[in-house]
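Colleague:
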Amino acid sequence: MSTYKKILLALDLSEESEQLKEKAKSIAEANQAELSLIHVIEPLSFAYGGDVPVDLSTIQDQLDAHAGQKLENYAKEINYPVAQQLVITGHTETEIHRVADENDVDLIIVGSHGRHGLSLLLGSTANGVLHGAHCDVLAVRVHEEQEA
Ligand code: AMP
0 MSTYKKILLA LDLSEESEQL KEKAKSIAEA NQAELSLIHV IEPLSFAYGG DVPVDLSTIQ
60 DQLDAHAGQK LENYAKEINY PVAQQLVITG HTETEIHRVA DENDVDLIIV GSHGRHGLSL
120 LLGSTANGVL HGAHCDVLAV RVHEEQEA
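Following the working numbering, the residues of the sequence shown are numbered contiguously, the last one being 147.
1) Just confirm the distance between the C-beta atoms of residue 85 and residue 37, as a whole number of angstroms; I'd bet it's less than 8 angstroms.
2) Could you check whether the Cβ of residue 9 sits closer than 7 angstroms to any heavy atom belonging to ligand 1?
3) Just mark residue 131 as buried or exposed, buried being the case when its beta carbon has 16 or more other beta carbons within 10 Å.
4) Can you tell which of 79, 31 and 12 has its C-alpha closest to the C-alpha of residue 4?
5) Kindly confirm or deny that the region 104–111 and the region 1–20 touch, where touching means at least three C-beta pairs closer than 8 angstroms.
6) Out of 13, 40, 54 and 95, which one is the CA nearest neighbour of residue 128?
7) Since residue 38 is in the beta strand (DSSP E), which residue starts that stretch and which ends it?
8) Do you know how far the Cα of residue 106 is from the Cα of residue 137?
9) Assuming residue 9 is part of the beta strand (DSSP E), what are its boundary residues?
10) Given this structure, state the Cα-to-Cα distance separating residue 104 from residue 58, to the nearest angstrom.
11) So what's residue 136 in DSSP terms, helix, strand or just coil?
12) Which of the three DSSP states, helix, strand or coil, is assigned to residue 13?
13) What span of residues does the beta strand (DSSP E) with residue 107 cover, start to end?
14) Provide the residue(s) that pair with residue 88 in DSSP beta bridges, ordered along the chain.
15) In terms of alpha-carbon separation, which member of 133, 11, 29 and 100 lies closest to residue 1?
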């Protein structure tokens, strides 16, 4: 019997994402689950507001394309069928929750590490994803440097 049918793996596409690969794959495999990948790009306008007198759309397009390519490479390397590769623009936690709800995801996998003050185990995004999710959330401990 499989516990999870639809898994959403949230990736910031940093080097730490590599550490989630094997674990996500083995959980998906053990459950014969559908695996989707999501990367959220926070719009440049979130950071700079309306105060920048230049058109940010070209840079934003380049960021989107670059993220799409990185996600594509990740999907190829995970060695498990990937149902959806989603690059979405918006607020990270909000978009992860929305996509999980809309796709009946029953497990969200995020990385977590202890470098963000308040919470020793969960990073800020992992914490945000956990609070407000309507399904299970697995926080996989990641390390800033791969251990030998
Ligand atoms: P952080 O708390 O920002 O260090 O991120 C912890 C985890 O949250 C990462 O390992 C990812 O699983 C997830 N995450 C962070 N940023 C993003 C993003 N932009 N898109 C998707 N997932 C993310």
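For every residue, glycine included, the Cβ atom is placed at its ideal position computed from N, Cα and C.
Modeller: With the given structure in hand:
1) 4 angstroms
2) yes
3) exposed
4) 31
5) yes
6) 95
7) 33–40
8) 7 angstroms
9) 5–9
10) 32 angstroms
11) strand
12) coil
13) 106–111
14) 40
15) 29
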